[in-house]
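Protein chains in written order, with my numbering: chain A, 264 to 505; chain B, 264 to 505. Just so you know, even glycine gets a beta-carbon here, dropped at the ideal spot from N, CA and C. The structure displayed is predicted, hence computed values, not measured ones.
There are 2 protein chains.
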Amino acid sequence: MSVIQKKGVKTAHALPKFDVALSRTRRAQVADTLRNFVLSGQLAPGTQLVEAKLASRFGVSRGSIREAIWELIDQGLLINRPYAGTFVISLDEKTMIEVFSLRGALERYAFTLLWPKRDGVFREEFTARHKALVNATRTQTRFDVIKAEMRFHSYSYEFCGNRVLLEVWEQLSQKVHLSFVISQAIVRGTDFLGESERYYTTALGDDLAEMLVEIDRHLELGMLAVRRFAHNASPPASKTTE
Amino acid sequence: MSVIQKKGVKTAHALPKFDVALSRTRRAQVADTLRNFVLSGQLAPGTQLVEAKLASRFGVSRGSIREAIWELIDQGLLINRPYAGTFVISLDEKTMIEVFSLRGALERYAFTLLWPKRDGVFREEFTARHKALVNATRTQTRFDVIKAEMRFHSYSYEFCGNRVLLEVWEQLSQKVHLSFVISQAIVRGTDFLGESERYYTTALGDDLAEMLVEIDRHLELGMLAVRRFAHNASPPASKTTE
DNA sequence: CAGGATTTGTGCGTATGTATA
DNA sequence: ATATACATACGCACAAATCCT
Numbered sequence: 264m265s266v267i268q269k270k271g272v273k274t275a276h277a278l279p280k281f282d283v284a285l286s287r288t289r290r291a292q293v294a295d296t297l298r299n300f301v302l303s304g305q306l307a308p309g310t311q312l313v314e315a316k317l318a319s320r321f322g323v324s325r326g327s328i329r330e331a332i333w334e335l336i337d338q339g340l341l342i343n344r345p346y347a348g349t350f351v352i353s354l355d356e357k358t359m360i361e362v363f364s365l366r367g368a369l370e371r372y373a374f375t376l377l378w379p380k381r382d383g384v385f386r387e388e389f390t391a392r393h394k395a396l397v398n399a400t401r402t403q404t405r406f407d408v409i410k411a412e413m414r415f416h417s418y419s420y421e422f423c424g425n426r427v428l429l430e431v432w433e434q435l436s437q438k439v440h441l442s443f444v445i446s447q448a449i450v451r452g453t454d455f456l457g458e459s460e461r462y463y464t465t466a467l468g469d470d471l472a473e474m475l476v477e478i479d480r481h482l483e484l485g486m487l488a489v490r491r492f493a494h495n496a497s498p499p500a501s502k503t504t505e
Numbered sequence: 264m265s266v267i268q269k270k271g272v273k274t275a276h277a278l279p280k281f282d283v284a285l286s287r288t289r290r291a292q293v294a295d296t297l298r299n300f301v302l303s304g305q306l307a308p309g310t311q312l313v314e315a316k317l318a319s320r321f322g323v324s325r326g327s328i329r330e331a332i333w334e335l336i337d338q339g340l341l342i343n344r345p346y347a348g349t350f351v352i353s354l355d356e357k358t359m360i361e362v363f364s365l366r367g368a369l370e371r372y373a374f375t376l377l378w379p380k381r382d383g384v385f386r387e388e389f390t391a392r393h394k395a396l397v398n399a400t401r402t403q404t405r406f407d408v409i410k411a412e413m414r415f416h417s418y419s420y421e422f423c424g425n426r427v428l429l430e431v432w433e434q435l436s437q438k439v440h441l442s443f444v445i446s447q448a449i450v451r452g453t454d455f456l457g458e459s460e461r462y463y464t465t466a467l468g469d470d471l472a473e474m475l476v477e478i479d480r481h482l483e484l485g486m487l488a489v490r491r492f493a494h495n496a497s498p499p500a501s502k503t504t505e
């Protein structure tokens, strides 16, 4: 069974039902599907992606698979060793900490840009995404919660007006997402909902400096979860600093 | 004449002379060559890259060309319109300003990380790259000056210890490089050498806060050059493949 | 607004290069 | 050291979409 929708079905009176929103190329469809598999954890870190197998699974040619794979490689979700194979990236503790640290710098920059531009539109959309996140924590799977969390935080980058920053974030966010999946930071966080609420409230407040501090604090919680996860083989006798 | 080196020459007693350091794939070789063409300005913004023509020019198959092209697309140097073609990206003034602004945020972050880690190794390599830049301004072409400038500034990202930041910088630096090529910021800058000297001295000094300000100042000069260029020159017409 | 030219997108067979068990 | 599995690369053919006259 083909996962990817075909375009040029030649059967007489073929139902156009499947042709909705098919402007994208097959490469993009395969890449999206693969990305979902990786980000949902169904393709564990370290797994090798064999082109021929994927090609027959998806029902597309190896060329399309190769191009989609390279798209994910350039996004940092897969790594390639020439002539050896392509594998799902496995983030170690140090890298995940670096991801969160860098994200802090970008998010502080984004909020500095958007702070004087906040208006009704911003408050409305920001609130909507926060509500969606809160709902997800109550009714959805962990994967959906992570997606909602990513979507909530992405809005700062979308709204700040720097499109280059948005592009960079869309790259980095893949690794942030993967870090959440690997470290299960969101589930293990002690008071995830309360923390998000505090972040949300401060973001709509009056004090930019306070928000910049809040961003750091918020991300340090993620880093703490990463460290706890990385050391959970041997329970830490003493907690890490802070 | 083929620009790309072939591996499996079957001619009897073919000289193994050309086999040195050939571990990279053809895809990577083509991508590097294309990137140099774009970043050196030999492929003007807006130029369409026709796969078949490139394939015969380079002496490689269309598949390899396609993969190399997509590598540059994911790096942000080319854009693709499905079924229409692939073109060298043309950065407008707003985008170039955004590039410099974001670079400021990243570079301040990098220096904050590396500041307490500066040692003899750092000073030595940093000085070497600065000297190379100074030399380039006196003896080399403009393209070489830009390369030296990029290499000089890249060291902060290499040394700061955050590998994820380095990856992000390697993406963004492509657009920084292209902005220099398009806006000719370096040549038009009033006192480029003096500015670099000041940046260099402050980076080796004692005051981090002063350095963060210096970074902003340094990049604002680039933005000023971009603005001057955008308002002086009329937008160039797009060409087709030569 | 045809319709043909151009170019990209896709598929497949095959040969070779490379890593690894 | 050999075998094997796989990635890499090539060439061709055709489909599909865009562009242009």
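- The Cβ atoms of Ser303/A and Phe455/A do not sit closer than 8 angstroms to each other.
- Under the three-state reduction of DSSP output, Ile342/A falls in the strand class.
- Assignment of Leu302/A by DSSP, reduced to helix, strand and coil, places it in the helix class.
- Within the stretch 422-454 of chain B, Gly424, Asn425, Arg426, Val427, Leu428, Glu430, Val431, Gln434, Leu435, Lys438 place their CB atoms closer than 9 angstroms to a CB of chain A, listed in sequence order.
- When only Cα atoms are considered, Cys423/B and Val384/A end up about 38 angstroms apart.
- In this structure, Phe350/B sits away from Gln403/B, with a CB-CB distance that is not shorter than 8 angstroms.
- Around the CB of Ser446/A, 16 or more other CB atoms lie within 10 Å, so the residue is classed as buried.
- Of all residues in the stretch 327-353 of chain B, those with a C-beta nearer than 8 angstroms to a C-beta of chain A are Arg329, Glu330, Trp333, Glu334, Asp337, Gln338, Gly339, Pro345, reading in chain order.
- Beta-bridge annotation (DSSP): Thr390/A is not paired with any residue.
- The C-alpha of Ser327/B is placed about 19 angstroms away from the C-alpha of Leu306/B.
- Listed along chain A, no residue sits closer than 9 angstroms to Glu477/B by beta-carbon distance, the nearest being about 18 angstroms off.
- The residue from Pro308/B, Trp333/B, Lys316/B with its alpha-carbon nearest to that of Ala294/B is Trp333/B.
- A buried status is given to Asn425/A, since no fewer than 16 other beta-carbon atoms sit within 10 Å of its beta-carbon.
- In the DSSP assignment, Gly457/B falls within the unbroken alpha helix (DSSP H) covering 455-466.
- Closest by C-alpha distance to Tyr346/B, out of Ala488/B, Val313/B, Arg386/B, is Val313/B.
- Of the residues assessed, Arg366/A falls on the buried side of the cut-off, its CB having 16 or more other CB atoms within 10 angstroms.
- Under DSSP, Thr349/A shares a beta bridge with Leu312/A, Asn343/A.
- For the 8 angstroms CB-CB criterion, Tyr418/B and Leu428/B do not form a contact.
- Taking 8 angstroms as the cut-off, the beta carbon of Ala493/A is found closer than this to the beta carbon of Glu356/A.
- Under the three-state reduction of DSSP, Thr358/A is assigned to helix.
- The beta carbon of Ala318/B sits closer than 7 angstroms to those of Ser324, Arg325, Ile328, all from its chain and outside the five residues before and after it, given in chain order.
- Annotation for Leu471/B: Trp378 place their beta carbon closer than 6 angstroms to its own, counting only its chain and skipping 5 residues before and after.
- Within the model, the alpha-carbon separation for Lys394/A versus Arg491/A is close to 28 angstroms.
- At least 8 angstroms separates the beta-carbon of Leu335/B from that of Trp432/B.
- Around the beta-carbon of Arg287/A, fewer than 16 other beta-carbon atoms lie within 10 Å, marking it exposed.
- Using a Cβ-Cβ cut-off of 8 angstroms, Ala493/B does not count as an interface residue toward chain A, since no Cβ of chain A sits closer than that to its own.
- Apart from the 5 residues on each side of it in sequence, Arg371/B sits with its Cβ closer than 6 angstroms to the Cβ of Leu475, Ile478 in its chain, given in chain order.
- Counting only Cβ-Cβ distances below 8 angstroms, Tyr372/A has contacts in chain B at Leu365, Ala368, in chain order.
- Nearest to Gln338/B by alpha-carbon distance, out of Val397/B, Ala399/B, Glu483/B, Val439/B, is Val439/B.
- Any Cβ of chain A closer than 8 angstroms to the Cβ of Val362/B would place that residue at the interface, and such an atom is present.
- Excluding the 5 residues flanking it on each side, Met486/A has same chain C-beta neighbours closer than 7 angstroms at Ile360, Phe363, in chain order.
- Gln447/A sits in coil when the DSSP states are folded into three classes, being neither helix nor strand.
- Residue contact with chain B for Thr390/A: absent (no Cβ-Cβ distance below 8 angstroms to any residue of chain B).
- Cβ neighbours of Leu396/B within its own chain (closer than 8 angstroms, five residues either side excluded): Val408, Ala411, Glu412, Arg414, Phe415, Ser459.
- Distance from the CA atom of Leu297/B to the CA atom of Leu341/A, rounded to whole angstroms, is 24 angstroms.
- Under the 10 Å beta carbon count, Ser353/A is surrounded by fewer than 16 other beta carbons and is classified as exposed.
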